[in-house]
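Going from the sequence shown to this note's numbering is simple: count from 1 and add 274. Just so you know, even glycine gets a beta-carbon here, dropped at the ideal spot from N, CA and C. For clarity, every value in this text was computed on a predicted model and none was experimentally measured. Taking it in order: structure first as structure tokens, then the write-up.
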Amino acid sequence: MDKSSTIMWVGTVRSLPLRDQLRASRLAGCDAISITPWHYCRWLADGITTKDMLLMADDEGVKLTQLDPYARWATHWLPDNLDPAAFSLGFFGFDEDDFFRIGEALQVDSMSCIITCPKSQVSIDQLIDGFARTCDRAAGLGWRCDLEFIPFWGLPDLETAWKIIKTADRDNSGLVFDFWHYLRGKPDPALLDTIPGDKISTVQIADASAKLKPGLSLLDDCIFHRVDAGTGGFPVVELLQQLRRIGGLNRYGPETFSGLYDTLSAEEIGNRSRVALANVFDKAGIPHRFGAAAAA
Numbered sequence: 275m276d277k278s279s280t281i282m283w284v285g286t287v288r289s290l291p292l293r294d295q296l297r298a299s300r301l302a303g304c305d306a307i308s309i310t311p312w313h314y315c316r317w318l319a320d321g322i323t324t325k326d327m328l329l330m331a332d333d334e335g336v337k338l339t340q341l342d343p344y345a346r347w348a349t350h351w352l353p354d355n356l357d358p359a360a361f362s363l364g365f366f367g368f369d370e371d372d373f374f375r376i377g378e379a380l381q382v383d384s385m386s387c388i389i390t391c392p393k394s395q396v397s398i399d400q401l402i403d404g405f406a407r408t409c410d411r412a413a414g415l416g417w418r419c420d421l422e423f424i425p426f427w428g429l430p431d432l433e434t435a436w437k438i439i440k441t442a443d444r445d446n447s448g449l450v451f452d453f454w455h456y457l458r459g460k461p462d463p464a465l466l467d468t469i470p471g472d473k474i475s476t477v478q479i480a481d482a483s484a485k486l487k488p489g490l491s492l493l494d495d496c497i498f499h500r501v502d503a504g505t506g507g508f509p510v511v512e513l514l515q516q517l518r519r520i521g522g523l524n525r526y527g528p529e530t531f532s533g534l535y536d537t538l539s540a541e542e543i544g545n546r547s548r549v550a551l552a553n554v555f556d557k558a559g560i561p562h563r564f565g566a567a568a569a570a
């Protein structure tokens, strides 16, 4: 029996108001959406109460499930490659108590940990200790605690993330597996084959050009130049097939950070995402809930 769930990663709908984010998620065929602490505070500032947020989600049949990201679990967190004038450091700046209070208020069931400082500022032992401690606090609330690797920061690859998870050895821990982070970083199909599928908690499906375009930084490519799954140069179908083979497609959905998507409506994002996902799952021969591949 298929017990997987589908999730809209909020970066795909980041430019939309909350109600439209939820509508786009439903139209894409997703039964859940991630939420950032930064967005939560923004909605509060707009006069939307926590109760209203939960009611909106219920109206659309989309659950707020994953609070993402949490960066201050390590001894250092400040990035050295972001322009504060263009990208608010406050997006990553929520401390532990504030992060967990927000998650409790939103009734989430999981959280994501990332590292945003340079690799030189944190040791593997510090990351293992910090992640284990964070998992323990999350476990007290019944949450899963997921670890995400990002190639341009201090936790750059699958190998390092898996070492942290294995050594921390917490039952409620798992991996966030982002296609872009994996394929733009240090792809390791042999290692991926050895990871138990139930330790891949959630998958962020993304596509982009096969190679980084000249003059474009990894950071800019990541947050502005992703494209619909199956329309870029990534081996999306093959990677889906590998994840299916190892039992790693448990919670999955689109994460399309895109300057184009920032200009689209909820209906456009939802329908484009659904059609793209239906296409790649069909090509991979994997049953899915995204409907027909052709747009209605």
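Determine the closest residue to residue i out of the options, with distance taken between C-alpha atoms.
i	options	result
residue 288	326, 303, 280, 313	313
residue 281	319, 341, 311	341
residue 474	491, 386, 458	386
residue 384	344, 290, 550	344
residue 368	347, 378, 394	347
residue 506	525, 493, 454, 536	454
residue 520	302, 465, 410	465
residue 448	353, 549, 472, 467	472
residue 563	423, 439, 527, 408	527
residue 501	551, 489, 402	551
residue 370	358, 392, 405, 429	405
residue 349	428, 414, 378	428
residue 304	478, 324, 534, 538	478
residue 394	510, 353, 382, 484	353
residue 366	315, 381, 416	315
residue 339	511, 416, 410	416
residue 298	558, 377, 538	538
residue 373	362, 397, 358, 408	408
residue 581	396, 392, 388	Here the chain covers residues 275 to 570 and nothing more, so residue 581 does not appear.
residue 438	358, 411, 397, 381	397
residue 446	411, 467, 360	411
Quick check: the Cα distance between residue i and residue j, rounded to an integer number of angstroms?
i	j	result
residue 434	residue 470	16 Å
residue 555	residue 327	31 Å
residue 275	residue 355	For residue 275, the predicted structure reports a pLDDT of 38, less than 50, and the residue's modelled location is therefore unreliable. The matter cannot be settled from this model.
residue 279	residue 364	30 Å
residue 543	residue 480	14 Å
residue 399	residue 441	10 Å
residue 525	residue 443	21 Å
residue 436	residue 401	12 Å
residue 324	residue 379	7 Å
residue 483	residue 490	12 Å
residue 570	residue 413	Its pLDDT being 38, under 50, residue 570 is placed unreliably in this model, and the value from its coordinates should be taken loosely. Cα-Cα distance, rounded: 42 Å.
residue 421	residue 403	13 Å
residue 362	residue 497	14 Å
residue 319	residue 376	14 Å
residue 463	residue 321	47 Å
residue 549	residue 301	10 Å
residue 565	residue 468	32 Å
Leaving out five residues before and five after residue i in sequence, what residues of the same chain have Cβ atoms less than 7 Å from its Cβ?
i	result
residue 296	307, 330, 331, 334, 336
residue 493	355, 426
residue 293	330
residue 290	298, 540
residue 535	286, 543
Spell out the partners DSSP gives residue i in its beta bridges.
i	result
residue 340	308, 384
residue 478	452, 527
residue 578	Any question about residue 578 goes unanswered here, given that the chain covers just 275 to 570.
residue 422	450
residue 280	526
Below 8 Å CB to CB, which residues in the same chain sit around residue i once its five sequence neighbours on both sides are set aside?
i	result
residue 560	514, 515, 518, 523
residue 284	295, 307, 308, 309, 310, 313, 342
residue 486	458, 492, 495
Return yes when at least one heavy atom of the ligand ATP lies under 8 Å from the C-beta of residue i, else no.
i	result
residue 502	The ligand content of the structure shown is nil, which means the ligand ATP is not present either.
So, at 6 Å on beta carbons, what are the nonlocal neighbours of residue i in its own chain, with the 5 sequence-adjacent residues on each side left out?
i	result
residue 530	286, 500
residue 431	423, 459, 460
residue 451	474, 477
residue 532	500
residue 558	511, 514, 515
residue 547	302, 528
**Asked** What are the uninterrupted segments assigned as beta strand (DSSP E) that are 3 or more residues long and contained completely in the segment 447–472, given in chain order?
**Response** 447–452
**Message:** What ranges does the alpha helix (DSSP H) occupy inside the segment 310–369, keeping only unbroken runs of at least 4 residues that lie completely in it?
**Reply:** 311–319, 324–334
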